[in-house]
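One structure is given below, encoded as structure tokens.
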Amino acid sequence: MRRTPGPVVELMKNKLKLLRVERNWTQEQLGQALGVSRQAVNALETEKHDPSLDLAYRIAALFARPVEEVFENPHA
């Protein structure tokens, strides 16, 4: 019996790496500013994980940008 694959979940696109590099920050420095690990920053930048709503707003505030400018919903 063949199984039908489940729906493909598309993660949000983001500009996190671009914003970080503009400030000459390392992933470690950004992680410290946000209270997350370097690995978490890497996972967000490579779009392996979406941030929580709280973290998305903290990221946007840190860069003084609207959340919609930092993150793009692929389904919008």
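Residue numbers (UniProt numbering): 1 to 76.
Note that CB positions come from ideal geometry on N, CA and C, so glycine has one too.
Annotation for Ala33: Leu62 place their beta carbon closer than 7 Å to its own, counting only its chain and skipping 5 residues before and after.
Restricted to the UniProt domain "HTH cro/C1-type" (16-70), not a single beta strand (DSSP E) segment is unbroken, complete and at least 3 residues in length. The residues Asn14, Lys15, Leu16, Leu19, Ala56, Ile59, Ala60, Phe63, in chain order, have a CB closer than 8 Å to that of Val70 in the same chain once the five nearest residues on each side in sequence are set aside.
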